[in-house]
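K.L.:
Residue numbers (our numbering), protein chains in the order written: chain A, 1 to 125; chain B, 1001 to 1125. Positions of the beta carbon are idealized from the N, C-alpha and C atoms, including for glycine. This structure is a prediction, so every number in the text was calculated from the model and none was measured. After the structure tokens below, expect a handful of questions from me.
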DNA sequence: CTTATCTTGACAACACCATTGTCATGGTTT
DNA sequence: AAACCATGACAATGGTGTTGTCAAGATAAG
């Protein structure tokens, strides 16, 4: 217990540099910078301007990858969905997964496929 | 029993053939057929298989036009947004509009009641 | 110091998508 | 008969997503 009081395990703590983050989400570092330019993810920076991604950032990117690759949504659509979620203050995206897994075996929750232990990109383990 | 609410003014009543509907939303009839193929709109059909669009269909198409043209969302994104809205059973898309109007005390969603002849949820045209 | 990795910015290739448009053949409406 | 609709096919245009590279400079770690 008391894991919630350990900042070194905080999901918001920035830890991964861009090359590691890119590996975690099976994307090119170039792609991650584009996501940032598009305002879809905002990794922290070291005092010397180096990007550091947190676990939350990774999960957010995995959502982007799922929406774009599995559902064919473009970045503008992802931005709209994120904006909607923030505006409603709810995890509305989870509703998409309930449908995907229950409706039919169309979209299994497995966006990553390069040995990533994380099979669930939904924010909220 | 019949016509208790003047069905001739029901927003769900199919009235417009495709050429008229296309004019109303400033799109090509070809585009409207694509929307239907993509499952984004489902106009009624006459017994002889002619498409007839209702006011609700028109408004739905205007949402598609707004999302695609003004926000750059692709059809897959529109489908996801519609799916999310249907799954949550709320008019979540209206939350996107508050951003454009910047009005906090916007008119509350009033489902089921189409008392106003024109709610005009469509983008400024 | 040397090496590897990071930064921004630009350029580009590849495949895919949205929209409009046309053509053809045939059914429907007026 | 004329005008419209249905389906299906084909294509052109412009845009997007992703990856990739090259450059020049800053930073981290050996």
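Please check if any C-beta of chain B sits within less than 8 Å of the C-beta of residue 94 of chain A.
P.N.:
No, no contact with chain B.
K.L.:
In chain order, which alpha helix (DSSP H) runs of at least 4 residues are fully inside the stretch 35-108 of chain A?
P.N.:
Correct list: 55-65, 75-88 and 94-103.
K.L.:
Output the boundary residues of the alpha helix (DSSP H) element that contains residue 19 of chain A.
P.N.:
Unbroken alpha helix (DSSP H) run through residue 19 of chain A: 18-24.
K.L.:
Buried or exposed, going by whether 16 or more other CB atoms sit within 10 Å of the CB of residue 103 of chain A?
P.N.:
The predicted position of residue 103 of chain A is uncertain, since its pLDDT is 41 and thus under 50; a value taken from the coordinates is nonetheless stated next. So residue 103 of chain A ends up on the exposed side.
K.L.:
Which term fits residue 1062 of chain B, buried or exposed, when burial requires 16 or more other beta carbons within 10 angstroms of its beta carbon?
P.N.:
Its Cβ being crowded by 16 or more others within 10 Å, residue 1062 of chain B is buried.
K.L.:
In three-state DSSP terms, what is residue 1012 of chain B?
P.N.:
Three-state result, residue 1012 of chain B: coil.
K.L.:
With C-beta atoms as the reference, is residue 1084 of chain B less than 8 Å away from residue 95 of chain A?
P.N.:
Yes.
K.L.:
Quick check: what's the CA-CA separation for residue 1129 of chain B versus residue 1040 of chain B?
P.N.:
Residue 1129 of chain B lies beyond the range of chain B shown here (1001 to 1125); nothing can be said about it.
K.L.:
Would you check if the stretch 42-54 of chain A and the stretch 9-22 of chain A touch, i.e. whether three or more CB-CB distances between them fall below 8 Å?
P.N.:
Contact holds: three or more Cβ-Cβ distances are below 8 Å.
K.L.:
Show which residues of chain B have a CB atom less than 9 Å away from the CB atom of residue 74 of chain A.
P.N.:
Per Cβ cutoff of 9 Å: 1072, 1073, 1074, 1076 and 1077.
K.L.:
Please classify residue 1043 of chain B as buried or exposed, where buried requires at least 16 neighbouring CB atoms within 10 angstroms.
P.N.:
Burial call: buried.
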